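Chains as they are written, first to last, in our numbering: chain S, 1 to 349; chain R, 350 to 698; chain F, 699 to 1047; chain X, 1048 to 1396.
Quick reminder that beta carbons are idealized off the backbone N, C-alpha and C, glycines included.
As the structure is a computational prediction, the values presented were derived from the model and not from experiment.
Here the structure is laid out as structure tokens; the discussion comes afterwards.
There are 4 protein chains.
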Amino acid sequence: MAEVNRVGMLTGGGDAPGLNGVIRAVTMRSISDYGYEVSGIRRGWKGLLSPEADSVVNLTVGDVRYILDEGGTILGSSRTNPYKNEGDAKKVVDNMAEIGVDALVAIGGDDTLGVARRLHQDFGTQVVGCPKTIDNDLSATDTTFGYDTAVSIATEAIDRLRTTAKSHERILVVEIMGRHAGWITWGAGVAGAANVTLIPEVEPDVDEMVSIFRKRAENGEKWGIVAVSEGVTFSEDFVTQTAEKDEFGHVRLGGVAEGLAGELKERTGIDTRHVVLGHLQRGGTPTAYDRILSTRYGLRAAEAVKNGEWGKMVALRGSEIVTVDLSEATEETKTVPDDLYGAARTFFG
Amino acid sequence: MAEVNRVGMLTGGGDAPGLNGVIRAVTMRSISDYGYEVSGIRRGWKGLLSPEADSVVNLTVGDVRYILDEGGTILGSSRTNPYKNEGDAKKVVDNMAEIGVDALVAIGGDDTLGVARRLHQDFGTQVVGCPKTIDNDLSATDTTFGYDTAVSIATEAIDRLRTTAKSHERILVVEIMGRHAGWITWGAGVAGAANVTLIPEVEPDVDEMVSIFRKRAENGEKWGIVAVSEGVTFSEDFVTQTAEKDEFGHVRLGGVAEGLAGELKERTGIDTRHVVLGHLQRGGTPTAYDRILSTRYGLRAAEAVKNGEWGKMVALRGSEIVTVDLSEATEETKTVPDDLYGAARTFFG
Amino acid sequence: MAEVNRVGMLTGGGDAPGLNGVIRAVTMRSISDYGYEVSGIRRGWKGLLSPEADSVVNLTVGDVRYILDEGGTILGSSRTNPYKNEGDAKKVVDNMAEIGVDALVAIGGDDTLGVARRLHQDFGTQVVGCPKTIDNDLSATDTTFGYDTAVSIATEAIDRLRTTAKSHERILVVEIMGRHAGWITWGAGVAGAANVTLIPEVEPDVDEMVSIFRKRAENGEKWGIVAVSEGVTFSEDFVTQTAEKDEFGHVRLGGVAEGLAGELKERTGIDTRHVVLGHLQRGGTPTAYDRILSTRYGLRAAEAVKNGEWGKMVALRGSEIVTVDLSEATEETKTVPDDLYGAARTFFG
Amino acid sequence: MAEVNRVGMLTGGGDAPGLNGVIRAVTMRSISDYGYEVSGIRRGWKGLLSPEADSVVNLTVGDVRYILDEGGTILGSSRTNPYKNEGDAKKVVDNMAEIGVDALVAIGGDDTLGVARRLHQDFGTQVVGCPKTIDNDLSATDTTFGYDTAVSIATEAIDRLRTTAKSHERILVVEIMGRHAGWITWGAGVAGAANVTLIPEVEPDVDEMVSIFRKRAENGEKWGIVAVSEGVTFSEDFVTQTAEKDEFGHVRLGGVAEGLAGELKERTGIDTRHVVLGHLQRGGTPTAYDRILSTRYGLRAAEAVKNGEWGKMVALRGSEIVTVDLSEATEETKTVPDDLYGAARTFFG
């Protein structure tokens, strides 16, 4: 193991509230407690693959002390993957050497961490990973920063929309992030007291939905909120309108909220509208929870560098931050289990 | 003038944060200070035109004391207009008599207040109006409740989106309410420090926009925020893609934000995305400002009933709540004047 | 085990955001999934010990569906403890029988749960507990609802105060809840990027603090934020002013923030002020996190009733809600461990 | 009138959310639209009276573009008044000349603007004022930035406290800023639906308060919220406890909320607590309203420099930003008029 003098750090993939918390904690612990120097690499792997004038920046305690409440990442991000083109990985390693980075903290999702793992395997790169997935779908860790903020934003949106739904006697269908895992929708559906919550893990029962809203209308509540993941698909016999099928033969509506709103309006006779939260869910100041979790991740990642835990990544297990093998990061998608979805179902109606 | 024993109250048109503040203030002042009884009419004019079992509800102080922080309207709303069908207006008047309502407080926009004005003219109905337009486009009043909340929500959205735009080096185009008047977009563009703000009142200069974002990119800021009203239209030679023309021969993009995002991406080479705030802008708990303004409106409306100021509506003039003729309400749309748009333009770049 | 037809439920001790989430989940799962009837008992044990006209209320799904975003408890609370007077416990048991409550869900802290445990032991009362402690100091569960909300509020307060501290070149000392355990202060200190964080678990080093703020001043930052738990005590030789000693011979300042502010001002020469957050930390709408956790607690508590898990309480372990013996609830106070306080210390400066 | 090449700008007195909005707007309009250079003066008049190394800073568009959402003032502030010591005013004028500042924008309250006015009178200094008073007590302008934010924070505090008051059947007395004028308390009392609102302008009727809370208790609401200005005083016969008298012979309680809480508890028999909001009310990110108002002030102030409107200050009149004589700024304190306090009184109970 080569001695560490300078730690590099990069963020890859989609942004998540809390990235700056990790950057800050890695930097401050590395400098103050371990005496390392720290280089921020701009735009993920791209900054190491094809460095521009501004791709490497020296980070001081003063640079990062007050970035904890900022969303996004001060280092920028990209989806560049050096394993997509033959020879690129080698270039990354060479460039790391060139700029004098002895150890690397890679913060990102499946893709970013997969590159980190392979660099470690193929070149012995001294790398430590930090998982980032706003979707909460990483099986290697109980949860990740960004998720709590996303759920909070979506919950506040539902809180706001409910008053409009009631005033106008409408159903409002809210489309929430989550292509393959319904965690954010599940969280916001439960916390926002949605009347129906739909996630990609469970095929929606449109007949049941229709009967829920009919029954509500009979009881004088001709309105409601549906929280639906963008990744929800419908069985073929559901759709009364033109729709395309996905690779599994499932029907994927143009926009799932828009399609579902049309269908519900048709079948219930209740005016139904839709809202797509989109980018609103991932930006802005992180919740206190995400600030603390990202800080703890960053501190433990710096400690892993100190310990030489190469090829590992930090993870939350219960109340503890531990390190696990980077290969675990990409093993399988963690989806919402039946019992948790059952929790949401108790409040249908 | 017939003596007043029971005041009726209804809310019409789109919901706005603050409606409950008016309802509360009218009810509490009418009962506590004047000794009236108060009836809430459900679903706007519909509740008087075709009453159902739940269309009229007696309101007590206890019913309304704690509704000030609730968005929407506890009375519900509709777009029913009794002047659309011959004979309906008469039915409304008869039904008012039937349920013993001697005076009516009508809370709503152009349409709702137009009906109130005509009922007063045609039948001598003892009516007082209260203006409601989240769009701030009513010339008879300096501002109305709901506007501040809408601007606040859109501003917070821009605050959040900025961190994503920076992290990913993207332009984000945010579509904000306002078909004919750009007030909300103007407010959120200014308060949110948008890099470009576009309103329906001023034809957008796409070339200028492109050059702003190119210059920003040259200075190392390859990202930006565009705040755009849903009602903005483009001149014909702008659009490189299929687009339909509106009644004035202007090009109306499918969704203005979506269309503009495509165009900016094409011309600047910067990744550009869009977000449509939609219903999020009008629901949920009102700001303190809107709670206070709606309360003052409600108190003054009750006072107008006491004074017999029939055919009048309440309005804000400077720091004062005054009454003006209902006919003023519908006179002309108040649009964003040049000097205020100039204020927004100072911050372009 | 006696069959369950009617579940009683009460909340005792200080209020916490999330109590209504538990009440709602217990009620809805009990009625919808298990067919029980549910009685809410008002004012904790007082409602069973000395029932008044309004002490017992039948709860329906409609009563609780939309209380999830309300702080406090719709059932009210008290600090009545039926084990303080001979014979009172028996009265509670008799009154439960009288109102036909076969099983009881007791939601509260040490004191409330201690009563629940003894009733189960002494009378075989069919009781299930749900832990509530905003202070996060219960060793039997990883965390409890209310804590996240309290940390969020205190963090937002620090965010706000920082701008004043900078503008006026002042130190601001913020007094945060926590008599014996510093969890809330630790969380808010970390999330709020405080310059110094002091908790009851660790004796404060005033000399170190003074040197931190002197060094900051030398670097042009003549300001700072200190997050301090109300329960922090100081060693005798610290205090230059009159102060009383506590039972352990430690010096307890009148108000800890006020005393510390005076001392820091004296020693650093920097203008220093204090703020006491007090009741602000425990009220109001719960965060999404606390809404979800309290809901999961309530669902599991209802399930425990169904399973006849008498004398147990629900608890969070990792990502799972489990049940543990009620005796565990009161075993020992969970304090902030050294490594977590070390995390906060990394950011001192 | 001397030609203007470089505009100086300073902020004096207590901080207010929105100061950065003025600084930003003055800077951007001065540079982009008028071609001036801009110098920020640190720590108010102190920065001109006794300049240190960091007292004058050149401001660019890049320095200020994104400070709109920051509370406080990037220029810092002080309470230094150069008219307190003979000869100091002259020094200020000389130092302005020394650093090449031809025109000065002074942002502050009575004190700061009073200095600006005298410098203009005594030395012909080319000065423009911008009023800042979170207390809203300046008669020359309809409102000022910072007030809306302060009211919003205090309103949110009341919203939170209400749930605790209800859960524990307590009266909570909330002490809000306002020594001589009750505007913030009035606003928060109205917006927060307080049960009683007390302001310095009107002597409190404790008997009435007691009877309000007794009546509430009889109706099953043994709780309530009192919003009280820090500057409220009580008549002598009120106080059952030791208390000191102020210059007018009025009784000023140690802390008004604490004293009043003790009194209410004594007389109503209801558990009563108090909270002092203190510094929380003036810090942190400004509301959208205050961002817009401060921006408009700043733009108009720059315009006033351009126009050579020396000795004037900007002010809001209705929807317009105008300029008025600086002497108007200090003329008289604007207090809450009877009719507005009457509005608050309607909701007592």
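Quick one: does arginine 1320/X have its CB under 8 Å from some CB of chain F?
Interface residue, yes.
Could you pull the start and end residues of the beta strand (DSSP E) that methionine 662/R belongs to?
First-last of the beta strand (DSSP E) with methionine 662/R: 661-666.
Just checking my contact of glutamate 332/S with serine 32/S at CB under 8 Å: how many whole Å lie between their CB atoms?
Contact check for glutamate 332/S and serine 32/S: beta-carbon distance about 38 Å, past the 8 Å limit, so the pair fails to qualify.
Evaluate arginine 466/R with the Cβ neighbour count: other Cβ atoms within 10 Å of its Cβ, from every protein chain shown; 16 or more gives buried, anything less gives exposed.
Counting Cβ neighbours within 10 Å, arginine 466/R comes out buried, since at least 16 surround it.
Identify every run of the beta strand (DSSP E) within the stretch 161-237 of chain S, keeping only runs that are complete inside it and at least 3 residues long; order them along the chain.
Taking only runs of at least 3 residues, the beta strand (DSSP E) segments lying wholly in the stretch 161-237 of chain S are 171-176, 196-198, 224-229.
Is the shortest distance between the beta-carbon of arginine 877/F and the beta-carbons of chain X less than 8 Å?
Chain X, which has no Cβ nearer than 8 Å to the Cβ of arginine 877/F, makes this no.
Could you give the residue range of the alpha helix (DSSP H) that holds arginine 1338/X?
First-last of the alpha helix (DSSP H) with arginine 1338/X: 1335-1354.
How is leucine 453/R classed by DSSP in three states: helix, strand or coil?
Secondary structure of leucine 453/R (DSSP, three-state): strand.
8 Å contact criterion, which valine 376/S and isoleucine 134/S should meet: CB distance rounded
Any property of residue 376/S remains undetermined from this structure, which presents chain S solely from 1 to 349.
So what does leucine 757/F bridge to, in DSSP terms?
According to DSSP, residue pairing for leucine 757/F in a beta bridge involves Val736/F.
Am I right that alanine 257/S and valine 228/S are in contact with their C-beta atoms under 8 Å? What's the rounded C-beta distance?
Rounded, the Cβ-Cβ distance is 6 Å, consistent with contact.
Just curious, the alpha helix (DSSP H) that valine 954/F is in, first and last residue?
That run of the alpha helix (DSSP H) goes 954-966.
In three-state terms, what does DSSP make of isoleucine 729/F?
Correct three-state label for isoleucine 729/F: helix.
Scan the stretch 1236-1263 of chain X for residues whose Cβ lies nearer than 9 Å to a Cβ of chain F and list them as they occur along the chain.
Result list empty, no residue passes.
Out of Asp761/F, Lys788/F, Leu747/F, which has the shortest C-alpha to C-alpha gap to threonine 778/F?
Closest in C-alpha terms to threonine 778/F, from the list Asp761/F, Lys788/F, Leu747/F, comes Leu747/F.
Checking 8 Å against the spacing of the C-beta atoms, do valine 500/R and isoleucine 533/R come in under that value?
Between valine 500/R and isoleucine 533/R, the C-beta spacing is below 8 Å.
Only counting the same chain, and skipping five residues up and downstream in sequence, which positions put a Cβ closer than 7 Å to that of alanine 435/S?
As displayed, chain S neither begins before 1 nor continues past 349, which places residue 435/S out of reach and without an answer.
Spatial neighbours of glutamine 241/S within its chain, please: C-beta separation below 8 Å, excluding the five flanking residues on both sides.
With a pLDDT of only 48 at glutamine 241/S, under the threshold of 50, the placement of this residue in the model should not be trusted; the figure read from the coordinates follows. Hits under 8 Å: Gly259, Gly262, Glu263.
Valine 151/S versus chain F: which residues are under 9 Å apart at the beta carbon?
Under a criterion of Cβ atoms nearer than 9 Å, the residues of chain F adjacent to valine 151/S are, in order, Ala986, Tyr987, Ile990.
Taking C-alpha atoms, which residue in Ile1259/X, Thr1342/X, Val1108/X, Ser1282/X lies nearest to isoleucine 1317/X?
Taking only the C-alpha atoms, the option nearest isoleucine 1317/X is Ile1259/X.
Please classify aspartate 800/F as buried or exposed, where buried requires at least 16 other C-beta atoms within 10 Å of its C-beta.
When all chains shown are included, aspartate 800/F counts as buried.
Check whether threonine 1058/X and glycine 1156/X have beta carbons under 8 Å apart:
With respect to glycine 1156/X, threonine 1058/X sits apart: the two C-beta atoms are not nearer than 8 Å.
Residues of chain R with CB under 8 Å from histidine 120/S, in chain order?
Residues of chain R whose Cβ lies closer than 8 Å to the Cβ of histidine 120/S do not exist, since the nearest Cβ in that chain is about 26 Å away.
Which residue comes first and which comes last in the beta strand (DSSP E) that contains aspartate 1023/F?
Where aspartate 1023/F is concerned, the enclosing beta strand (DSSP E) stretches over 1018-1023.
Starting from glycine 1234/X, find everything on chain R with Cβ-Cβ shorter than 8 Å and list it in chain order.
Close to glycine 1234/X, with beta-carbon spacing below 8 Å, are these residues of chain R in chain order: Ala637, Ile641.
Glycine 72/S and lysine 515/R: beta carbons closer than 8 Å?
Yes, these two residues count as a Cβ contact at 8 Å.
Anything in the stretch 1000-1026 of chain F with a Cβ closer than 8 Å to a Cβ of chain S? List those residues in chain order, please.
Within the stretch 1000-1026 of chain F, the residues whose Cβ lies closer than 8 Å to some Cβ of chain S are Arg1015, Gly1016, Ser1017, listed in chain order.
Beta-carbon separation (whole angstroms), serine 347/R vs isoleucine 448/R, contact threshold 8 Å:
Since the displayed chain R opens at 350 and closes at 698, residue 347/R lies outside it and no answer follows.
Between which residues of its own chain and lysine 1004/F is the CB-CB distance below 7 Å, once the five residues before and five after are set aside?
If we look at lysine 1004/F and ignore the five residues flanking it on each side, its Cβ neighbours are Tyr732.
Relative to the C-alpha of serine 294/S, which candidate in Pro337/S, Met9/S, Pro17/S has its C-alpha closest?
If we check each option's Cα against that of serine 294/S, Pro17/S comes out closest.
Does glutamate 169/S get closer than 8 Å to chain R when you measure Cβ to Cβ?
Yes, its Cβ sits closer than 8 Å to a Cβ of chain R.
So is leucine 280/S in contact with chain R if we call contact Cβ pairs under 8 Å?
Cβ-Cβ to chain R under 8 Å: yes for leucine 280/S.
CA nearest to the CA of glycine 647/R, picked from Ala1391/X, Ser1282/X, Thr1244/X
When Ala1391/X, Ser1282/X, Thr1244/X are compared, the shortest CA-CA separation from glycine 647/R is found for Ala1391/X.
First through last residue of the beta strand (DSSP E) which encompasses threonine 1393/X:
Secondary structure note for threonine 1393/X: it is in no beta strand (DSSP E), and the uninterrupted alpha helix (DSSP H) holding it is 1385-1393.
Checking contacts by CB at 8 Å: is threonine 376/R closer than that to chain S?
No - not a single Cβ of chain S is within 8 Å of the one on threonine 376/R.
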